[in-house]
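Adding 71 to a residue's 1-based position in the sequence shown gives its number in the working numbering. Just so you know, even glycine gets a beta-carbon here, dropped at the ideal spot from N, CA and C. All remarks here apply to the structure that follows.
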Amino acid sequence: QDQECDESVGGCGVMISKFNHQEAVRLATAIEERGYRFYSAAAKRVKDEFARNILAFLAEQENQHKEAFQKLGERIAETQSTIEELDPEASSYIEALAKTYIFPENEQDFIDSIQTFDEVLQYSIQAEKDSILFYLEMAENSKNQDSVKIFKALTNEEKKHLVKLHELARLVEERGIHY
């Protein structure tokens with residue numbers, strides 16, 4: 072079942088006023104939501120069963136990550152009466168990462184523009200690299216130890232996705248898998 076843009080995680084766009092740990096978790100949740108939608112849409116378009124199964128697996132992983140971030144956001148909201156803003160330099164860098172990777176102007180047009188499975192893979196590889204950068208920065212700049220642990224764990228998951236995508240790209244080349 073497709074998930075629509077969720078306003079609680081920034082919808083399909085991003086608006087950042089003051090970048091703090093709660094905002095970072097909200098953006099991380101939005102990254103995972105967008106990844107879920109992307110992989111789900113790509114899985115529906117792929118004819119090869121092996122490729123479809125890999126993309127469906129990646130979509131489910133993104134959904135699980137989203138749920139982990141939602142729980143983290145709830146814990147942060149419960150335990151922090153005041154929210155400490157991130158260092159302005161770190162905040163600017165993280166915001167730039169979020170804006171350039173997470174939210175294209177028109178997400179559906181972007182998904183529709185992808186014509187080949189190789190394009191799905193190349194975009195996915197870059198998206199995973201960007202996610203790794205984002206989560207590493209969040210772990211490095213977070214003062215909340217729960218956040219640090221979750222960001223590091225998700226970084227490791229995204230690294231596994233990256234390896235799987237590279238393996239899949241090799242198999243696609245060997246097998247000549249196309250849409």
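| task | Output yes or no for whether 8 Å exceeds the beta carbon distance between Lys230 and Ile203. | result | Locating residue 230 in the sequence shown gives position 159, counting from the first residue. Locating residue 203 in the sequence shown gives position 132, counting from the first residue. It is a contact, given that the beta carbons lie within the stated cut-off.
| Outcome for Val234 when other beta-carbon atoms lying within 10 angstroms are tallied against a minimum of 16 | The sequence position of residue 234 within the sequence shown is 163, counting from 1. Under the 10 Å beta carbon count, Val234 is surrounded by fewer than 16 other beta carbons and is classified as exposed.
| said: Do His136 and Leu225 count as a contact pair if the criterion is CB distance below 8 Å? | reply: In the sequence shown, counting from the first residue as 1, residue 225 sits at position 154. In the sequence shown, counting from the first residue as 1, residue 136 sits at position 65. Between Leu225 and His136, the CB-CB gap stays under 8 Å.
| said: Beta-carbon within less than 8 Å of Glu190's beta-carbon, same chain only, minus the 5 sequence neighbours each way: which residues are those? | reply: Translated into the one-based positions of the sequence shown, residue 190 becomes position 119. So the list is empty, once near-sequence residues are dropped.
| said: For a quick check, are the C-beta atoms of Leu143 and Ser218 less than 8 Å apart? | reply: Reading the sequence shown from its first residue, position 72 is the one you call residue 143. Reading the sequence shown from its first residue, position 147 is the one you call residue 218. Inclusion of Leu143 and Ser218 in the CB contact set at 8 Å is warranted, their separation being smaller than that value.
| query | Roughly how many angstroms separate the alpha carbons of Ala198 and Leu168, rounded to a whole number? | reply | Taking the first residue of the sequence shown as 1, we reach residue 198 at position 127. Taking the first residue of the sequence shown as 1, we reach residue 168 at position 97. Those two C-alpha atoms are separated by around 11 Å.
| Sequence-distant residues of the same chain with beta carbon closer than 7 Å to Gln93, five excluded per side | For this step, residue 93 is matched to residue 22 along the sequence shown. Excluding positions up to five away in sequence, the list reads Gly144, Ile147, Ala148 and Ile154.
| said: Does Phe174 come out as helix, strand or coil in the three-state DSSP assignment? | reply: Mapped onto the sequence shown, residue 174 falls at position 103. Low local confidence applies: a pLDDT of 48 at Phe174 is under 50, so the model's placement there is unreliable, and no value is given.
| said: Do Ala112 and Ile182 have their beta-carbon atoms positioned less than 8 Å apart in this structure? | reply: One-based indexing of the sequence shown puts residue 182 at position 111. One-based indexing of the sequence shown puts residue 112 at position 41. A Cβ-Cβ contact shorter than 8 Å links Ile182 with Ala112.
| request: Go to Asp201, then tell me how far its alpha helix (DSSP H) extends in each direction, as first and last residue. | output: Sequence index remark: in the sequence shown, residue 201 carries index 130 (1-based). First-last of the alpha helix (DSSP H) with Asp201: Phe188 to Asn212.
| message | Can you find the residues in the same chain that come closer than 7 Å, C-beta to C-beta, to Glu133, ignoring five residues on each side of it along the sequence? | response | Along the sequence shown, one-based indexing puts residue 133 at 62. Taking Glu133 as the centre and dropping the five residues before and after it, the same chain places the C-beta of Glu103, Gly106, Tyr107 and Tyr110 closer than 7 Å to its C-beta, in chain order.
| query | Is the beta carbon of Ala161 less than 8 Å from the beta carbon of Asn212? | reply | Within the sequence shown, numbered from 1, the residue matching residue 161 stands at position 90. Within the sequence shown, numbered from 1, the residue matching residue 212 stands at position 141. Yes, they are a contact pair.
| said: Can you tell me whether Glu244 is buried or exposed? The criterion is at least 16 other CB atoms within 10 Å of its CB, across all chains shown. | reply: On the sequence shown, position 173 is the one that residue 244 refers to. With fewer than 16 other Cβ atoms inside 10 Å of its own Cβ, Glu244 counts as exposed.
| task | Let me know if Phe121 comes out buried or exposed under the rule of 16 or more other beta-carbons within 10 Å of its beta-carbon. | result | As a working note, residue 121 is residue 50 in the sequence shown. The residue is exposed, with fewer than 16 neighbouring Cβ atoms inside 10 Å.
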